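Be aware that the sequence shown starts at 0, since it is given in numbering that gives the first Met the number 0, and climbs by one per residue.
C-beta atoms are modelled at their ideal positions from N, C-alpha and C, and glycine is treated no differently.
The structure presented is a predicted model; accordingly, all values stated were derived computationally and were not measured.
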Amino acid sequence: MRELEAAHPELIGSVRTNVGDVKCKPRSKRELIELLDMGAKMPLANIDTSLITDMEGLFRKSKRSNFAGIETWDTSNIVTMKHMFASAIYFNHDISSWDVSNVRDMSHMFEGAHRFNKPLEAWDVSSVTDMSFMFNEAERFNQPLRKWNVVSVTDMSNMFSCAEHFNQPLDGWNVSKVHSMKYMFYRAFSFNQNLNSWNVSSVTDMCYMFDMAKSFNQSVGAWNVSAVTNMREMFVRASAFNQPLNDWNVSNVQNMREMFCEASSFNQPLNDWDVSNVQDMREMFSKASSFNQPLNDWNVSNVQNMYCMFNEAKSFNQPLDRWDISNVKDMAYMFCEATSFRYPITAWSLHNQSTQGMFLRLPGYCDMESRVMCLTPHDDKALKYDLEDMIQQFGEKAVHDALRLYGAQYGIKED
Numbered sequence: 000m001r002e003l004e005a006a007h008p009e010l011i012g013s014v015r016t017n018v019g020d021v022k023c024k025p026r027s028k029r030e031l032i033e034l035l036d037m038g039a040k041m042p043l044a045n046i047d048t049s050l051i052t053d054m055e056g057l058f059r060k061s062k063r064s065n066f067a068g069i070e071t072w073d074t075s076n077i078v079t080m081k082h083m084f085a086s087a088i089y090f091n092h093d094i095s096s097w098d099v100s101n102v103r104d105m106s107h108m109f110e111g112a113h114r115f116n117k118p119l120e121a122w123d124v125s126s127v128t129d130m131s132f133m134f135n136e137a138e139r140f141n142q143p144l145r146k147w148n149v150v151s152v153t154d155m156s157n158m159f160s161c162a163e164h165f166n167q168p169l170d171g172w173n174v175s176k177v178h179s180m181k182y183m184f185y186r187a188f189s190f191n192q193n194l195n196s197w198n199v200s201s202v203t204d205m206c207y208m209f210d211m212a213k214s215f216n217q218s219v220g221a222w223n224v225s226a227v228t229n230m231r232e233m234f235v236r237a238s239a240f241n242q243p244l245n246d247w248n249v250s251n252v253q254n255m256r257e258m259f260c261e262a263s264s265f266n267q268p269l270n271d272w273d274v275s276n277v278q279d280m281r282e283m284f285s286k287a288s289s290f291n292q293p294l295n296d297w298n299v300s301n302v303q304n305m306y307c308m309f310n311e312a313k314s315f316n317q318p319l320d321r322w323d324i325s326n327v328k329d330m331a332y333m334f335c336e337a338t339s340f341r342y343p344i345t346a347w348s349l350h351n352q353s354t355q356g357m358f359l360r361l362p363g364y365c366d367m368e369s370r371v372m373c374l375t376p377h378d379d380k381a382l383k384y385d386l387e388d389m390i391q392q393f394g395e396k397a398v399h400d401a402l403r404l405y406g407a408q409y410g411i412k413e414d
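Right under this line is the structure:
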């Protein structure tokens, strides 16, 4: 208070009781915070913010419920509004008239502002470069943003994640400079808008982008994804999504882990994809219960992990005999409970890969040579585990006969 009075001697005697109509003009963020700490004694309308450039975290975790007058603030010189209303659980004030034309950082701005749902479309956001986490967990927010000029934005990661009610058109956005869209619509349960016109040619990371976006089912087949390296869990649990993606250039993608895991409606051709740089395909189609498309033309020679790749993909039944799996280290539970799968995989050249549970709980898969081939003489525990499963499904005699026919060829003893 003493510092404030020294900076503004004209307020001495008035700030201690009721400021009334006196305007305070803080010269620094610290002075501004001191004014805000006065609570009801300092109406927000009585603060002249024209000298302030930094409003980062100004109301973060604030329990303030009365924001009357904040709409009058001069924000024309503000450069950062990062975390400004983050977790301000009572904030729901109209600030659409603000001049934010010089703001560069709006990351986390309304994160966790659970009640906020006011118009923002009139804002000039053309200088903003970072919008990551901007509406993360802003559960009630559902206002138009289509007219925003986002041409300078490079980071949109988690922008609408957990914004459960948000469902507004964004097709007019120029996202050509954006590098990251990871988690952008994660748990955006209501979102289902056309994004096909977006220029995503600069994006490198799309992991978790539509994770649990359970309403989303719009075409994105025209996207240029040639720069993307990470598509991990991109459509995981996107239960409505079923759009063509076969024209995508995925030649630079290295990670497709769980990409369509639990995408229960998805059943589109992907055989033309160049997956030659992909290293991780674990659980890629796990529980993708509708998927049944050819994949035999894929070049999987660089893939190292196929753990649970088709686990519980209950419709999948396509040949994979042309796959080069020489670099794969983990194939455990690859077809576990993929109850429709029938094709032999004896053309594969296995060499000490982890194949435990490859055909676990798959009584309809009767290619006994493939089953014996996937037993693991180098791993006694896994060998015992899979033999017990085979016996449970086919009986001791059938398993004994299979071992007698194929065991020696694959290094498996009958006993």
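With 16 or more neighbouring CB atoms inside 10 Å of its own CB, residue 288 falls in the buried class.
For residue 23, the pairing in a beta bridge is given by DSSP as 46. A Cβ-Cβ separation of about 5 Å places residue 209 in contact with residue 234 under the 8 Å criterion. Under DSSP, residue 179 shares a beta bridge with 154 and 204. When C-alpha distances from residue 178 are compared across 405, 199 and 170, the shortest belongs to 199. Judged by beta-carbon spacing, residue 157 lies within the 7 Å limit of residue 131, meaning their Cβ atoms are closer than that value. Taking every protein chain shown into account, the CB of residue 32 has fewer than 16 other CB atoms within 10 angstroms, so this residue is exposed. Between residue 216 and residue 240, the C-beta gap is smaller than 7 Å, which places the two residues in contact. CA-to-CA, the gap between residue 402 and residue 365 works out to about 14 Å.
Per the coordinates, the alpha-carbon of residue 35 lies some 49 Å from the alpha-carbon of residue 253. Looking at the DSSP output, residue 353 sits in a beta bridge with 329.
In the structure shown, residue 79 falls within a strand segment according to DSSP collapsed to helix, strand and coil. Contact between residue 371 and residue 409 holds, since their C-beta atoms are separated by about 6 Å, short of 8 Å.
According to the DSSP secondary-structure assignment, residue 104 is paired through a beta bridge with 79 and 129. For a cut-off of 8 Å, the C-beta gap from residue 48 to residue 79 is around 13 Å, too long to register as a contact. In the structure shown, the three-state DSSP call for residue 296 is coil. Under DSSP, residue 279 forms a beta bridge with 254 and 304.
Excluding residues up to 5 positions away in sequence, 175, 176, 177, 178 and 226 lie with their Cβ nearer than 7 Å to the Cβ of residue 201 in the same chain.
DSSP, read as helix, strand or coil, puts residue 73 in coil.
Scanning its chain for C-beta atoms nearer than 8 Å, with the 5 sequence neighbours on each side dropped, one finds around residue 71 the residues 43 and 44, in chain order. For residue 229, same chain residues with a beta-carbon under 6 Å away, outside a window of 5 residues either side, are 204, 206 and 254 in chain order. Bounds of any alpha helix (DSSP H) do not take in residue 231, whose DSSP letter is neither H nor E. Only residues of its own chain outside the window of five on either side were considered, and among them 225, 226, 227, 228 and 276 have a CB closer than 7 Å to the CB of residue 251, listed in chain order.
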